[in-house]
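Reading the sequence shown from the start, the letters are residues 19 to 161 in my numbering.
Backbone N, C-alpha and C define an ideal beta-carbon position, used for all residues, glycine too.
Below you'll find the structure, written out as structure tokens, and then a few comments.
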Amino acid sequence: MHSIRNLASASLVTLAAAAGATVVSAAPASATSVTTVKAVETDFHIALSKSSRSFKPGKYTFVAENKGQTTHALMITGPGIKMAMTKNIQPGQSAKLTVTFKKGAYDIYCPVPGHKALGMNVNLSVGGATTAAKTSAGSGGEG
Numbered sequence: 019m020h021s022i023r024n025l026a027s028a029s030l031v032t033l034a035a036a037a038g039a040t041v042v043s044a045a046p047a048s049a050t051s052v053t054t055v056k057a058v059e060t061d062f063h064i065a066l067s068k069s070s071r072s073f074k075p076g077k078y079t080f081v082a083e084n085k086g087q088t089t090h091a092l093m094i095t096g097p098g099i100k101m102a103m104t105k106n107i108q109p110g111q112s113a114k115l116t117v118t119f120k121k122g123a124y125d126i127y128c129p130v131p132g133h134k135a136l137g138m139n140v141n142l143s144v145g146g147a148t149t150a151a152k153t154s155a156g157s158g159g160e161g
């Protein structure tokens with residue numbers, strides 16, 4: 019009777035070890051943190067829940083909420099990002115867009131024709147991009 023109990027225990031230990039190996043190998047995938055940013059779109063403005071000066075390189079999920087009266091969408095362009103865009107968002111609806119920012123300048127805007135020109139545009143500098151150099155004023159005298 020003891021040998022059956024020992025065999026059952028050995029089988030459970032083997033199964034537990036196999037399960038443990040699977041869990042351990044899956045752990046690194048969940049180690050990446052994602053910052054969520056709310057992007058409220060109205061007619062015709064985009065308001066971010068995070069200051070445009072506080073972005074650092076990393077992964078971000080933008081939750082675009084259309085609180086306007088017309089269809090909007092959200093598009094992000096910049097270093098390493100090509101065609102990152104939500105579907106069209108109807109009034110009262112929302113959509114998510116996940117991107118990874120590197121150091122550099124990014125543009126967040128509504129790609130619906132004409133909306134960017136009407137003010138639905140936010141420029142970001144991630145990790146001290148070159149836009150900081152443009153704001154520094156020199157003495158004005160050369161040579």
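The stretch 119 to 128 and the stretch 66 to 77 touch, with no fewer than 3 CB-CB distances between them shorter than 8 Å. The Cβ-Cβ distance between Ala82 and Thr104 falls below 9 Å. A distance below 7 Å between beta-carbons, with the five flanking residues on each side excluded, links Asp61 to the following residues of its chain, in chain order: Gly86, Gln87 and Thr88.
Nearest to Asn106 by alpha-carbon distance, out of Thr50, Val140, Cys128 and Ser70, is Cys128. Cβ contact annotation for Gly110 (same chain, cutoff 8 Å, sequence separation greater than five): Asn84 and Lys85, in chain order. In this structure, the CA atom of Ser143 is about 25 Å from the CA atom of Pro131. Separation of Asn141 and Gly98 (C-alpha to C-alpha, rounded to the nearest whole angstrom) is 16 Å. Burial check for Ala65: the Cβ neighbour count within 10 Å stays below 16, so the residue is exposed. Residue burial annotation: Met93 is buried, with at least 16 other C-beta atoms found within 10 angstroms of its C-beta. At the C-beta level, Phe73 and Gly145 come within 9 Å of one another. Per DSSP, the beta-bridge partners of Leu115 are Phe80. Nearest C-alpha to Gln108 among Val55, Thr50 and Glu59: Glu59.
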